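Under this note's numbering, read the sequence shown as residues 12 to 220, first letter to last. For every residue, glycine included, the Cβ atom is placed at its ideal position computed from N, Cα and C. These numbers were taken from a predicted model, which means no experiment stands behind them. What follows is one structure encoded as structure tokens, with my remarks underneath.
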Amino acid sequence: QKKKVAVSAKLYGSGDQEAWQKGVLFASGQNLARQLMETPANEMTPTRFAEIIEKNLKSASSKTEVHIRPKSWIEEQAMGSFLSVAKGSDEPPVFLEIHYKGSPNANEPPLVFVGKGITFDSGGISIKASANMDLMRADMGGAATICSAIVSAAKLNLPINIIGAMDVALGSGATGVFTNSSWLWNKLFEASIETGDRVWRMPLFEHYT
12 QKKKVAVSAK LYGSGDQEAW QKGVLFASGQ NLARQLMETP ANEMTPTRFA
62 EIIEKNLKSA SSKTEVHIRP KSWIEEQAMG SFLSVAKGSD EPPVFLEIHY
112 KGSPNANEPP LVFVGKGITF DSGGISIKAS ANMDLMRADM GGAATICSAI
162 VSAAKLNLPI NIIGAMDVAL GSGATGVFTN SSWLWNKLFE ASIETGDRVW
212 RMPLFEHYT
């Protein structure tokens, strides 16, 4: 059996230590999202997903809150569509709500992120083709991405308030962005150019309300 080689990265010479540490935290967040999406669905259940995020977020900062809402809570909220999707699995659903309160101003409006968190999407009535079925373990990529981003924000001690909730028009080509803030959209778009993680602004016309 081949031994796994442990690889560690270190800053060379007297480089920018602060920038290096930020880079380490950015990479840590990206790797957390990758781990969540690449883990087989029989292991990455809704409960396990929520537990991993809770552990990472609480260890990142004391300015965080984690609410793992059980099936009974979801039923009390009459979230019928959510429960209908969950009926396709023996695993109980959870509604994960996480908060990062990094702003010194408690009254500052928070940024709210919602990510799709179906840990395996077989396609329901219209079952997925077998050739791509294995990729459906990553159907919770939206939730994995926003949860990992909030963990990173907490580690970086960013002065903002964020709320994230797990809840496909663009497929795997880009991440959809719903926001009525042009400032926020421009910042996300600029970041996507630098990172290569493509984003696309979705419409918020009154027609959809």
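Check                                                                                                             : Outcome
First through last residue of the alpha helix (DSSP H) which encompasses arginine 99                              : Note that residue 99 is glycine in the sequence shown here, rather than arginine. Glycine 99 -> no alpha helix (DSSP H), and no H or E assigned at all.
Proline 170 versus histidine 110 - alpha carbon distance                                                          : 13 angstroms
CA-to-CA distance, lysine 15 to serine 192, given in whole angstroms                                              : 46 angstroms
Inter-residue spacing [alpha-carbon to alpha-carbon] between lysine 13 and serine 19                              : 19 angstroms
Rounded C-alpha distance that separates isoleucine 85 from lysine 127                                             : 16 angstroms
Presumed contact (8 angstroms Cβ cut-off) between lysine 33 and leucine 167, rounded CB distance                  : 7 angstroms
Cβ neighbour criterion (16 or more within 10 Å) applied to methionine 151                                         : buried
Glutamate 87 in three-state terms, based on DSSP                                                                  : helix
Start and end residues, alpha helix (DSSP H) containing threonine 156                                             : 152-166
Cβ shell of valine 210 (< 7 angstroms), same chain only, five flanking positions each side left out               : Ala185, Thr186, Val188, Leu199, Phe200, Ser203
Cβ distance (whole Å) where glutamate 108 is taken to contact arginine 80 below 8 angstroms                       : 7 angstroms
Proximal residues to leucine 43 (C-beta, below 7 angstroms), its chain only, five neighbours per side dropped     : Asn67, Ser159, Val162
As assigned by DSSP and simplified to three states, the class of tryptophan 172                                   : With the sequence shown as reference, residue 172 is identified as asparagine, and tryptophan is not the correct amino acid for it. Note: asparagine 172 maps to strand in three-state DSSP.
Own chain residues within Cβ distance below 7 angstroms of glycine 40, not counting five before or after          : Ser159, Ala160, Val162, Ser163
Lysine 69 - containing alpha helix (DSSP H), residue span                                                         : 57-71
Local Cβ density within 10 Å of aspartate 208, reported as buried at 16 or more and exposed below that            : exposed
Extent of the continuous alpha helix (DSSP H) run through threonine 206                                           : 193-206
Same chain, Cβ closer than 7 angstroms to tryptophan 196, neighbours up to 5 away in sequence not counted         : Val188, Thr190, Arg212
Isoleucine 129 - partner residues in DSSP beta bridges                                                            : Answer by DSSP bridge pairing: none, since isoleucine 129 is not bridged.
Proximal residues to isoleucine 174 (C-beta, below 6 angstroms), its chain only, five neighbours per side dropped : His110, Pro121, Val123
Own chain residues within Cβ distance below 7 angstroms of alanine 154, not counting five before or after         : Gly126, Lys127, Gly128, Met177
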